[in-house]
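Asker: Pasting a structure below so you can have a look.
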Amino acid sequence: MTSRRRFLQLTATAAANAAALAMFPPSIRRALALPASNLTGTIADVEHVVMLMLENRSFDHYFGTLRGVRGFADRHPVPLPSGKPVWQQSDGEREIAPFHLDTKTTSALRVPDTPHSFSDAQAAWNQGKFGLWPKFKTPISMGHYRRADIPFQFALAEAFTLCDAYHCSVTTGTDPNRIVYMSGSNFDPTLRARGIDCTDADSEPNNLRCWIKGALPTPGYTYAGSALTWPTIPDVLESAGISWRIYQDPNDNWTGAMHGGLAFASFRSAQPGSPLYERGMTHRSLEQLAQDVKERSLPQVSWVLPPMLWSEHPAPSSPIQGAEFTARVLDTLTSNPQVWSKTVFFLLFDENDGLFDHIPPPAPPSYNLDGTPAGKATLDLNGEYFSDPHRKYLNASDQITGTRRPWGLGPRVPMYVISPWSRGGWVNSQLFDHTSVGQFLEQRFGIRIPAISPWHRAVCGDMTSAFDFVNPNQAPLPVLPRVTNSAAPIARIEQLPKPAPPETPEQLFQEPGTRRSRALPYELHVHARLAPQSRILTLEFHNTGRAGAVFHVYDRLHLDRIPRRYTVEPTKSLTDDWLLHQDQGRYDLWVYGPNGFVREFQGDTTGQYASVEVNLNYDPGNTLIRLIGTQQGQHAVRLSVRASAYHLDGPWPLHLVPKRHTTIEHSLIGSHGWYDFTVTGERFLRRFAGRVETGAPSVTDPAL
Numbered sequence: 000m001t002s003r004r005r006f007l008q009l010t011a012t013a014a015a016n017a018a019a020l021a022m023f024p025p026s027i028r029r030a031l032a033l034p035a036s037n038l039t040g041t042i043a044d045v046e047h048v049v050m051l052m053l054e055n056r057s058f059d060h061y062f063g064t065l066r067g068v069r070g071f072a073d074r075h076p077v078p079l080p081s082g083k084p085v086w087q088q089s090d091g092e093r094e095i096a097p098f099h100l101d102t103k104t105t106s107a108l109r110v111p112d113t114p115h116s117f118s119d120a121q122a123a124w125n126q127g128k129f130g131l132w133p134k135f136k137t138p139i140s141m142g143h144y145r146r147a148d149i150p151f152q153f154a155l156a157e158a159f160t161l162c163d164a165y166h167c168s169v170t171t172g173t174d175p176n177r178i179v180y181m182s183g184s185n186f187d188p189t190l191r192a193r194g195i196d197c198t199d200a201d202s203e204p205n206n207l208r209c210w211i212k213g214a215l216p217t218p219g220y221t222y223a224g225s226a227l228t229w230p231t232i233p234d235v236l237e238s239a240g241i242s243w244r245i246y247q248d249p250n251d252n253w254t255g256a257m258h259g260g261l262a263f264a265s266f267r268s269a270q271p272g273s274p275l276y277e278r279g280m281t282h283r284s285l286e287q288l289a290q291d292v293k294e295r296s297l298p299q300v301s302w303v304l305p306p307m308l309w310s311e312h313p314a315p316s317s318p319i320q321g322a323e324f325t326a327r328v329l330d331t332l333t334s335n336p337q338v339w340s341k342t343v344f345f346l347l348f349d350e351n352d353g354l355f356d357h358i359p360p361p362a363p364p365s366y367n368l369d370g371t372p373a374g375k376a377t378l379d380l381n382g383e384y385f386s387d388p389h390r391k392y393l394n395a396s397d398q399i400t401g402t403r404r405p406w407g408l409g410p411r412v413p414m415y416v417i418s419p420w421s422r423g424g425w426v427n428s429q430l431f432d433h434t435s436v437g438q439f440l441e442q443r444f445g446i447r448i449p450a451i452s453p454w455h456r457a458v459c460g461d462m463t464s465a466f467d468f469v470n471p472n473q474a475p476l477p478v479l480p481r482v483t484n485s486a487a488p489i490a491r492i493e494q495l496p497k498p499a500p501p502e503t504p505e506q507l508f509q510e511p512g513t514r515r516s517r518a519l520p521y522e523l524h525v526h527a528r529l530a531p532q533s534r535i536l537t538l539e540f541h542n543t544g545r546a547g548a549v550f551h552v553y554d555r556l557h558l559d560r561i562p563r564r565y566t567v568e569p570t571k572s573l574t575d576d577w578l579l580h581q582d583q584g585r586y587d588l589w590v591y592g593p594n595g596f597v598r599e600f601q602g603d604t605t606g607q608y609a610s611v612e613v614n615l616n617y618d619p620g621n622t623l624i625r626l627i628g629t630q631q632g633q634h635a636v637r638l639s640v641r642a643s644a645y646h647l648d649g650p651w652p653l654h655l656v657p658k659r660h661t662t663i664e665h666s667l668i669g670s671h672g673w674y675d676f677t678v679t680g681e682r683f684l685r686r687f688a689g690r691v692e693t694g695a696p697s698v699t700d701p702a703l
């Protein structure tokens, strides 16, 4: 425990910044200015984890225009089957690009609910091809806000840490994602471990099991669907002796939908007086949360469940109501400085509703219509799929693949990491999902959540990279606006006309500038190897980093095909082949990975450049990259290297002689580790883009 003397010293240091915050609400001043506990300089300084999951917003819908995140200025949008970038979605008749939801002239703060079941989510995702999002999600799904529309949400991102690669776990709606959030999986982990894909008998594809009838304590809940039987996170905590509690009104939690635990036998059978019932089924208000904070009796792990009208769900709630509820929770947590100095507050969203997000969700490979997998993995993926043999949950027009579908990940959703260890307007771009919160609890409390699958553990981080536990009290102190009395503006909003897409597509907009970015655990490589005589191109995927990754490969000569996906665990590699016979030896592959990682391979199997290859190697210690060219043929060739971003000089010649390596080095210190180089020759192109990870913090993509 931090000593009282040390705590007062840290508080005095923070007080020097108080003048800059004097015009803002006391609770927010406390949240930003109070120091973190720094006794050990590790995650052990965290004594309390509080989680609030709100409802149904996509990342682009909220933050596509925020500076420094991977939003509407993304330089690497994936291609659609039409060859156009991912922004040009269609409702089946006309293209509808992302458009601004103007809250001054329309009722856009009360944007209507959009379809978000398994069938329409699968059809809109299109196994990674996208293209028809507004057709299956309605045109309003392409709408998004700007800073002036949701100032509290933007300010919260400016004040603490925003994750711009946090995805919901399942490509569907509320219940399945909240079940993952509360247990680590929405499909039976015992069957998964045996390599058996689940059906709806032992998984949750759509909202069912959490929707209750009745009331507590009397006459009690009645439940829909069979009970799931694996242990929930509260079960795991209880067995380990870790204190926990759910703060909720059990009769105002959207008829159970906010409580993923209600799908499980352990909660359904819990009786008054039992730990699960008393800590997870009873009424505990925000006033009781405030009392626990005041008395320093806050549990080690807490869930806060929002009432329906304050859930931030598109109708009947709104961003302004969600902001007011969030502010109340933050007011409560910061009311006791000793508690707040040891508390992590995760503010996240269960799923995206039907609201558009442009980043392709990492997922296990989909299946081609002939039953072959569109991709590979370095681990066994049997059991990671949903089996729907009778197409009970699929749209009739969704015929791109069979009835074996990867569960997720789903689209990106907002995730704020709010704590004394995550202040300062950071962006974290590591891949996370709802299992990541559970993995954070594992790291902090030494537990093991058995339902989290090996695939999720391989590619989804544990949230620890979002924190600075070593030097947490050196962050600058941004500010937040006051949010109260949301009922008045909501009454005015309802009198305004409804929003609609413009007849002429708007130009995409994102605020210019960078943000501070946390160091990431990625070090990824993709190399090409061409066999001209057999007309085969082989891609080699190598992962020398500390976290697994999913690579997406789009064949731009065949964009009608499902993009291939490759899961590569740390220290592992895999290869796959492209047969080039039907394209007369031509190829054009576009590889997409985390945080702006891109590789392009274009060329053909004829001519002297067919025996040329160029690879990129990293030198993290010196923040530079090396382009290494080889010519296995009989003749010297000349290539040209140019910078597509970050560097204003060049181009640079790359002269290759037979059977020798030629290297060009480029320092990336001036671009904060970011690079984007294209190497060209006659009917030959290689492009390399991304960021070299040095282990130190950096900035977000300066070229956004």
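Residues 0 to 703 in numbering that gives the first Met the number 0 are what the sequence shown spells out, letter by letter.
A virtual CB, placed ideally from N, CA and C, is assigned to each residue, including glycine.
Since the structure is predicted, the reported quantities are computational estimates derived from the model, not experimental observations.
Taking one C-beta from the stretch 527 to 547 and one from the stretch 566 to 583 each time, how about it: are there three or more such pairs within less than 8 Å?
Answerer: Yes, since at least three Cβ pairs between the stretch 527 to 547 and the stretch 566 to 583 fall closer than 8 Å, the two stretches touch.
Asker: What's the gap between the Cα of proline 405 and the Cα of glutamate 383?
Answerer: 6 Å
Asker: Can you tell me which of Met50, Leu647, Tyr565, Ala43 puts its alpha carbon nearest to the alpha carbon of glutamine 247?
Answerer: Met50
Asker: Compute the Euclidean distance between the alpha carbons of isoleucine 399 and glutamate 664, then round it to the nearest angstrom.
Answerer: 44 Å
Asker: For the putative contact between valine 636 and tyrosine 608, defined by C-beta atoms under 8 Å, what is the C-beta separation to the nearest angstrom?
Answerer: 6 Å
Asker: Find the nearest neighbour of proline 696 within the set Ile668, Arg403, Ser316, Ile624, judged by alpha-carbon distance.
Answerer: Ile668
Asker: For leucine 523 versus phenylalanine 596, is the C-beta distance shorter than 8 Å?
Answerer: yes
Asker: Can you give the beta carbon distance from proline 361 to phenylalanine 62, rounded, assuming they're within the 8 Å contact cut?
Answerer: Cβ-Cβ separation between proline 361 and phenylalanine 62: approximately 19 Å, too far for a contact (criterion under 8 Å).
Asker: Can you tell me the Cα-Cα spacing of threonine 513 and isoleucine 178, whole angstroms?
Answerer: 36 Å
Asker: Could you check if leucine 647 is buried or exposed, using at least 16 other CB atoms within 10 Å of its CB as the buried criterion?
Answerer: It counts as exposed.
Asker: Quick test of the definition: if touching needs 3 or more C-beta pairs under 8 Å, does the stretch 648 to 658 touch the stretch 547 to 564?
Answerer: no
Asker: Under three-state DSSP, which class holds alanine 107?
Answerer: In the three-state reduction of the DSSP assignment, alanine 107 falls in the helix class, which pools H, G and I.
Asker: Could you check the C-alpha separation between aspartate 618 and serine 106 for me, to the nearest Å?
Answerer: 52 Å
Asker: Per DSSP, what are the beta-bridge partners of arginine 93 in this structure?
Answerer: Looking at the DSSP assignment, arginine 93 forms no beta bridge with any residue, so it has no partner.
Asker: Output the distance between the C-alpha atoms of glutamine 583 and tryptophan 302, rounded to the nearest integer angstrom.
Answerer: 58 Å
Asker: Under DSSP, the beta strand (DSSP E) around arginine 685 begins and ends at which residues?
Answerer: 683 to 690
Asker: Could you have a look at phenylalanine 23 and say whether DSSP puts it in helix, strand or coil?
Answerer: Residue confidence for phenylalanine 23 is low, a pLDDT of 41 falling below 50, so the modelled location carries little weight and cannot support an answer.
Asker: Quick one: residues in its chain with C-beta nearer than 7 Å to the C-beta of arginine 682, no 5 flanking neighbours on either side, listed in chain order?
Answerer: Gly602, Asp603, Gly606, Tyr608
Asker: Any contact between the stretch 155 to 168 and the stretch 209 to 217? By contact I mean 3 or more CB pairs, one from each, below 8 Å.
Answerer: no
Asker: Hey, is leucine 108's beta-carbon within less than 8 Å of any beta-carbon in chain C?
Answerer: Of the protein chains in the structure, only one exists, and it is not chain C.
Asker: Excluding the 5 residues flanking alanine 548 on each side, which residues of the same chain have their C-beta closer than 7 Å to its C-beta?
Answerer: Val458, Tyr521, Leu523, Asn542, Val567, Gly592, Pro593
Asker: Exposed or buried, what is glutamate 692 when buried is set at 16 or more other beta-carbons lying within 10 Å of its beta-carbon?
Answerer: buried
Asker: Taking only the alpha-carbon atoms, compute the straight-line gap between aspartate 575 and lysine 375 and give it to the nearest angstrom.
Answerer: 8 Å
Asker: Going by beta carbon distance, what residues of the same chain come within less than 7 Å of serine 666, once the five residues before and after it are set aside?
Answerer: Thr622, Leu623
Asker: Could you say which of Gly620, Leu207, Trp132 lies nearest to leucine 354 if we only look at CA atoms?
Answerer: Trp132
Asker: Hey, how far is the Cα of histidine 660 from the Cα of arginine 545?
Answerer: Taking the straight line from one Cα to the other gives about 29 Å.
Asker: What residue range does the alpha helix (DSSP H) around asparagine 176 cover?
Answerer: 173 to 182
Asker: Excluding the 5 residues preceding and the 5 following threonine 41 in the sequence, name in chain order all residues of the same chain whose CB lies nearer than 7 Å to its CB.
Answerer: Phe468
Asker: Going by C-alpha to C-alpha distance, which of Ser317, Phe345, Ser316 sits closest to proline 329?
Answerer: The residue asked about is misnamed: residue 329 is leucine in this sequence, not proline. The candidate whose alpha carbon is nearest that of leucine 329 is Phe345.
Asker: Please list, in chain order, all residues of the same chain as tryptophan 309 whose beta carbon is under 8 Å from its beta carbon, the five residues on each side excluded.
Answerer: Cβ within range, chain order: Ser316, Gln320, Gly321, Glu323, Phe324.
Asker: Report buried or exposed for histidine 258, applying the criterion of at least 16 other Cβ atoms within 10 angstroms of its Cβ.
Answerer: buried
Asker: Flag this pair as yes or no: are the beta carbons of phenylalanine 71 and phenylalanine 508 separated by less than 8 Å?
Answerer: yes
Asker: If we count the other Cβ atoms within 10 Å of its Cβ and call it buried at 16 or more, is glycine 130 buried or exposed?
Answerer: buried
Asker: Could you tell me which whole beta strand (DSSP E) segments of length 3 or greater appear in the stretch 229 to 309?
Answerer: List check, beta strand (DSSP E) in window: 243 to 246, 300 to 303.
Asker: For the beta strand (DSSP E) that contains phenylalanine 124, what are its first and last residues?
Answerer: The question names phenylalanine, yet the displayed sequence has tryptophan at residue 124. No beta strand (DSSP E) contains tryptophan 124, which is instead part of the alpha helix (DSSP H) from 117 to 124.
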